[in-house]
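To start, the structure under review is shown below, and the notes come after it.
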Amino acid sequence: MLRTALSRSSLARSAASRGLPRAAAPRLARGLASDADGEDGVHVDMVARMWSCKVKDDPGAYQMDLVFDSFIDKASQVEGVVGASRLLCKSYWDYKLILKFEETGALKRYLAENGEHDALMREYLPQIEKLTIDGKVHQQSFVYDDIE
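Under our numbering, the residue at position 138 of the sequence shown is numbered 148, and the numbers go up by one with no gaps.
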């Protein structure tokens, strides 16, 4: 299940990061890198698509996990998808799912008109919206880095 798989990887990373002294913590800004246009900017290794919403409570978050488990099973078959993470705030009930892609081109292909994103959203977005407190689901793309 999503909850178990994501918990293990999150716990391992969390435990490792707690052992680092503050001065030795890794830096996000690893210097400037060239992007495809030859301009200076943030180095891009991986990218991600995030779904963000609010759920009512713990049972609602569990139901969202079940929907996203099925979503991830199908999304994992998309070329370039390399993983997923889930964040849940149990104070404000913010729920976020992050789908990771190996590189920018893979995310662009996923998001292309009539691509996998459209098909997955037709199938899953109505189920996801029903589980939110206001029917709203925000989607956004990011540069993604695992800080180790």
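By construction, the Cβ of each residue, glycine as well, lies at the ideal position given by its N, Cα and C atoms.
Counting C-beta neighbours from all protein chains within 10 Å, is the total for Leu-99 16 or more, i.e. buried, or is it exposed? A small correction: the amino acid at residue 99 is Cys; Leu does not occupy that position in the sequence shown. Answer is exposed; the Cβ neighbour count stays below 16.
Excluding the 5 residues flanking Ile-108 on each side, which residues of the same chain have their C-beta closer than 6 angstroms to its C-beta? Ala-58, Met-60 and Ser-95
Buried/exposed call for Tyr-154, threshold 16 Cβ in 10 Å: Result: buried.
Which stretch, first to last residue, makes up the beta strand (DSSP E) that contains Ile-157? Run containing Ile-157: none; DSSP gives neither H nor E here.
Distance between beta carbons of Ala-116 and Glu-89, contact taken as under 8 angstroms: 6 angstroms
Of the residues Cys-63, Ser-80, Gly-51 and His-53, which one's Cα is nearest the Cα of Asp-104? Cys-63
Outcome for Asp-144 when other beta-carbon atoms lying within 10 angstroms are tallied against a minimum of 16: exposed
Beta-carbon proximity list for Gly-125, same chain, < 8 angstroms, skipping 5 on both sides: Arg-119
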